[in-house]
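Number 93 in full-length UniProt numbering belongs to position 93 of the sequence shown; there are no gaps in the numbering.
C-beta atoms are modelled at their ideal positions from N, C-alpha and C, and glycine is treated no differently.
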Amino acid sequence: MYSIGIGPSSSHTLGPMRAANKFVTKLEANGVLGALHSIFVHLYGSLALTGEGHGTPKAIAMGLIGKDPESIDPTTIPKLLKSIEECSVLHVLEKVQLSFSMQENINFHKKIFLAKHSNGLAFMAFGADGSLLAKETVFSIGGGFVISDGFQLRGKVIVDASDKPSNSKDRPQVPYPFFSGEELLTWCNDHRKTVSEIAFENERPFISSTDKIIQKTLHIWRVMEASIIAGLSRDVNSILPGVLKVKRRAPSLLLQQVNDSADAFSLALTPFLERDKNLNQIFAGVHNGPPTGMVRDIDWISTFAIAVNEENADGGRIVTAPTNGASGVIPATLKYWLEFGQHTKSSNNSGEEEMICTFLWTASAIGFLFKHGASLSAAEVGCQGEIGVASSMAAAGLAAVLGGTPKQVLNAAEIAMEHHLGMTCDPIAGLVQIPCIERNAMGAVKALTAAQLALKRDGNQKISLDQVIKTMKQTGLDMKAVYKETSLVSPSPKL
């Protein structure tokens, strides 16, 4: 449910990069890389309509040369792209040199929507004699996940292990399988386990070592936290890429909050404002600094969320949670609780690490329900599938670390999603900036509210999480295509 990558979009950046990488890797695995003379890529539907603003062509180029979104250094991308564009040459997997033009080899079909999913892309590889060596149609279904319609090598379909569906018999079987909130609650009740414990046990068949699961989870959190810090530490006058020329807000929001706080708190943050990345120094004076209260809570959780999503908009390193466009909600909510929550920090950080794991494992279980019961793709169900799901996941995670029962945890998830139903995805100028960045702040605040409301009751709500997931899916299906990541009805940048 969480994957480390780069901005600005999980469906339009991470997915296409992974798809391109997998396609050329399959060419090599099937022994035809040496015969490769040219590659053409075709983008359809939402990928074609907003691909330029989302960096889709650039992501595809990076995938073709063998780069992976989790390991690529974002700072190296401009230089790599400049080399491709200036020389009109691309080195597939850094092994085979091809003539390649971003304008000629990547084609946009803005009026064609493929039946299986609106985020469709097709790869075609040709030999020197013009013959078709291989082709593959791939769908970027949200959250960085991609599914293949079949890799064809000289007309014959080749089944790749990585393309098998998640419910394939060849994959490890989990001890507590669930595809609905009701099934999840049944497992929790019958085995007296929390939602996070169920999620943890279901991870064990894939990563057998308990310590490895914990360390992987903590690594994901460290990347999330680093994206907050990176977003806060940028120059206050820095501008995000794209025609909108949006000025970053997180750095100035931080300065405003420091100025509004106690002197001790301000001094505690001084090293950070000088680009010191020591997290212990950053928040050393937090608990004895600014006064507690609703406004302070909203200010900080919003600032954290905006910081992450501004990093995402700038193509920086973030964690897909569950998508890039909504990548600020979960980190902001968890960071808020770790820094400002009414809990006791242990000297060896074991208590904090336990909270991090509980939060993220719980949230992942909720995200799984939405992924399999509805969609994480704004191009399929609108922004309710991104910000809505992220808010639902964050609300559940927060309710869990606050001591909520499994019923209350699912109730928190339901409340958060209920108030995102019908949310469209209509990014101005095709950029993941307006209204995307502010929506992360709103999603985090709603998560906080949903968790608080859920913990005030016993969890026996009128509307179940399963019902709201079903409603979200149907609402997305009923939504007109122009409101699902097309930028066809958004206000003109000139306005």
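Exercise. Considering only residues of the stretch 19 to 81, which uninterrupted beta strand (DSSP E) runs meet the minimum length of 3 residues and lie entirely inside it, listed in chain order?
Worked result: 38 to 45
For this session: Measure the beta-carbon distance from Gln-433 to Gly-242 and round it to whole angstroms, keeping in mind my assumption that it falls under 8 Å.
Result: Position 433 of the sequence shown, counted from the first residue, corresponds to residue 433. Position 242 of the sequence shown, counted from the first residue, corresponds to residue 242. Right, the Cβ-Cβ distance comes to about 7 Å (below 8 Å), so this counts as a contact.
Exercise. Where Ala-199 and Pro-175 are concerned, what is the direct C-alpha to C-alpha distance, given to the nearest angstrom?
Worked result: Counting from 1 along the sequence shown, the entry for residue 199 is found at position 199. Counting from 1 along the sequence shown, the entry for residue 175 is found at position 175. Ala-199 and Pro-175: Cα-Cα distance of roughly 10 Å.
Problem set entry | Three-state secondary structure assigned by DSSP to Arg-248 | Position 248 of the sequence shown holds residue 248. DSSP places Arg-248 in coil when its eight states are reduced to three.
For this session: Can you give me the start and stop residues for the beta strand (DSSP E) that Phe-126 sits inside?
Result: Reading the sequence shown from its first residue, position 126 is the one you call residue 126. Run containing Phe-126: 119 to 126, per the beta strand (DSSP E) assignment.
For this session: Please name the residue, chosen from Arg-171, Gly-181, Leu-253 and Ile-220, that lies closest to Arg-204 on a Cα-to-Cα basis.
Result: Stepping through the sequence shown from its first residue, residue 204 is reached at position 204. Ranking Arg-171, Gly-181, Leu-253 and Ile-220 by Cα distance to Arg-204 puts Arg-171 first.
Problem set entry | Entirely enclosed alpha helix (DSSP H) segments - the stretch 186 to 265, minimum 4 residues | 195 to 203, 210 to 232 and 250 to 259
Problem set entry | Between the CA atoms of Thr-217 and Leu-133 - distance to the nearest angstrom | The sequence position of residue 133 within the sequence shown is 133, counting from 1. The sequence position of residue 217 within the sequence shown is 217, counting from 1. Using only the alpha carbons, I get a separation of about 41 Å.
Exercise. Beta carbon of Glu-354: closer than 7 Å to some heavy atom of the ligand ATP?
Worked result: Only the bare structure without any ligand can be found here, which leaves the ligand ATP out of the picture.
Exercise. Going by beta carbon distance, what residues of the same chain come within less than 6 Å of Leu-184, once the five residues before and after it are set aside?
Worked result: If you number the sequence shown from 1, residue 184 lands on position 184. Excluding positions up to five away in sequence, the list reads Phe-178.
Exercise. For Pro-8, does the count of other Cβ atoms within 10 angstroms reach 16, so buried, or fall short, so exposed?
Worked result: To locate residue 8, count along the sequence shown from 1; it is residue 8. Burial call: buried.
For this session: Would you check if the distance between the CB atom of Ala-61 and the CB atom of Leu-81 is smaller than 8 Å?
Result: Position 61 of the sequence shown holds residue 61. Position 81 of the sequence shown holds residue 81. Yes. Within cutoff.
Exercise. What is the DSSP secondary structure of Glu-274, counted as helix, strand or coil?
Worked result: Mapped onto the sequence shown, residue 274 falls at position 274. In this prediction, Glu-274 has a pLDDT of 48, which is less than 50 and means its spatial position is unreliable; nothing more can be read from the coordinates.
Exercise. Do Ala-125 and Leu-36 have their C-beta atoms closer together than 8 Å?
Worked result: Locating residue 125 in the sequence shown gives position 125, where the first residue counts as 1. Locating residue 36 in the sequence shown gives position 36, where the first residue counts as 1. Yes, the pair counts as a contact, with Cβ atoms nearer than the cut-off.
For this session: Write down the C-beta distance between Asn-107 and His-42 rounded to the nearest angstrom, noting that I regard them as a contact closer than 8 Å.
Result: Numbered from 1 along the sequence shown, position 107 holds the residue referred to as residue 107. Numbered from 1 along the sequence shown, position 42 holds the residue referred to as residue 42. Right, their Cβ atoms sit about 5 Å apart.
For this session: May I ask you to report which of helix, strand or coil DSSP gives Phe-145?
Result: Start at 1 with the first residue of the sequence shown, and residue 145 comes out as number 145. Residue state, collapsed to three classes: strand.
Exercise. Looking only at C-alpha atoms, which of Ile-39, Val-445, Thr-424 and Leu-421 sits nearest to Trp-300?
Worked result: For this step, residue 300 is matched to residue 300 along the sequence shown. Minimum Cα distance to Trp-300 is reached at Val-445.
For this session: For chain D, find out if any of its Cβ atoms is closer than 8 Å to the Cβ of Ile-463; answer yes or no.
Result: Note that chain D does not occur in the displayed structure, where there is just one protein chain.
Problem set entry | Length-filtered (4 minimum) alpha helix (DSSP H) runs lying within the stretch 322 to 380 | 329 to 340 and 350 to 373
Exercise. Going by DSSP, which residues form a beta bridge with Ala-441?
Worked result: Position 441 of the sequence shown, counted from the start, is the residue given in the question as residue 441. In the DSSP output, where bridge partners are listed per residue, Ala-441 has none listed.
Exercise. Given Ala-230, which residues of its chain have a CB within under 8 Å of its CB, disregarding the five upstream and five downstream residues?
Worked result: Within the sequence shown, residue 230 is the residue found at index 230, counting from 1. Ala-307, Glu-311, Gly-316 and Arg-317, listed in sequence order.
Exercise. In whole angstroms, what is the alpha-carbon distance linking Thr-358 and Cys-383?
Worked result: Looking up residue 358 in the sequence shown gives position 358. Looking up residue 383 in the sequence shown gives position 383. Looking at the two C-alpha atoms, the distance is approximately 26 Å.
Problem set entry | Exposure label - Asn-411; buried when at least 16 CB within 10 Å | Along the sequence shown, one-based indexing puts residue 411 at 411. Under this definition Asn-411 is a buried residue.
Exercise. Looking at C-beta atoms only, is the number of pairs between the stretch 445 to 463 and the stretch 423 to 430 that lie closer than 8 Å three or more?
Worked result: no
Problem set entry | the stretch 393 to 408 / the stretch 325 to 339 touching (three or more Cβ pairs under 8 Å) | yes
Exercise. What's the C-alpha gap between Ile-39 and Ala-363?
Worked result: As a position in the sequence shown, residue 39 is number 39, starting the count at 1. As a position in the sequence shown, residue 363 is number 363, starting the count at 1. Straight-line Cα distance between these residues: approximately 40 Å.
Problem set entry | Proximal residues to Lys-277 (C-beta, below 7 Å), its chain only, five neighbours per side dropped | Walking along the sequence shown from the start, residue 277 turns up at place 277. Its pLDDT being 45, under 50, Lys-277 is placed unreliably by the model, and nothing is read from it.
For this session: On a CA-only basis, which of Ala-59, Leu-369, Arg-192 and Thr-323 is nearest Gly-144? Give me that one, please.
Result: By one-based count along the sequence shown, residue 144 stands at place 144. Cα-wise, what sits closest to Gly-144 is Thr-323.
For this session: Can you give me the Cβ contacts of Val-329 inside the same chain, cut-off strictly under 8 Å, excluding the 5 residues immediately before and after it?
Result: For the purposes of this step, residue 329 is taken as residue 329 along the sequence shown, with counting starting at 1. Counting only Cβ-Cβ distances below 8 Å, and skipping sequence neighbours, we find Ala-305, Ala-321, Ile-387, Ala-390, Ser-391, Met-393, Ala-394, Asn-440, Gly-443, Ala-444 and Ala-447.
For this session: Going by CA-CA distance only, name the one from Asp-314, His-117, Ala-399 and Asp-211 that's closest to Thr-137.
Result: Taking the first residue of the sequence shown as 1, we reach residue 137 at position 137. The residue with the shortest Cα to Cα distance from Thr-137 is His-117.
Exercise. For His-219, does the count of other Cβ atoms within 10 angstroms reach 16, so buried, or fall short, so exposed?
Worked result: For the purposes of this step, residue 219 is identified with residue 219 of the sequence shown, where counting begins at 1. With fewer than 16 other Cβ atoms within 10 Å, it is exposed.
Exercise. Who pairs with Asn-107 in a beta bridge, going by DSSP?
Worked result: Residue mapping note: residue 107 aligns to position 107 of the sequence shown, counting from 1. Paired residues: His-42.
Problem set entry | DSSP three-state assignment for His-12, whether helix, strand or coil | Reading the sequence shown from its first residue, position 12 is the one you call residue 12. Here His-12 sits in helix by DSSP.
For this session: Can you check DSSP and say which residues form a bridge with Lys-462?
Result: In the sequence shown, counting from the first residue as 1, residue 462 sits at position 462. Answer is none; Lys-462 lacks a bridge partner.
Exercise. Does the beta-carbon distance from Ser-180 to Ala-400 come in below 8 Å?
Worked result: One-based indexing of the sequence shown puts residue 180 at position 180. One-based indexing of the sequence shown puts residue 400 at position 400. The answer is no: Cβ separation not under 8 Å.
Exercise. Smallest Cα separation from Gly-53: which of Pro-406, Asn-202, Thr-13 and Phe-23?
Worked result: Here residue 53 refers to the residue found at position 53 of the sequence shown. Considering only alpha carbons, the answer is Thr-13.
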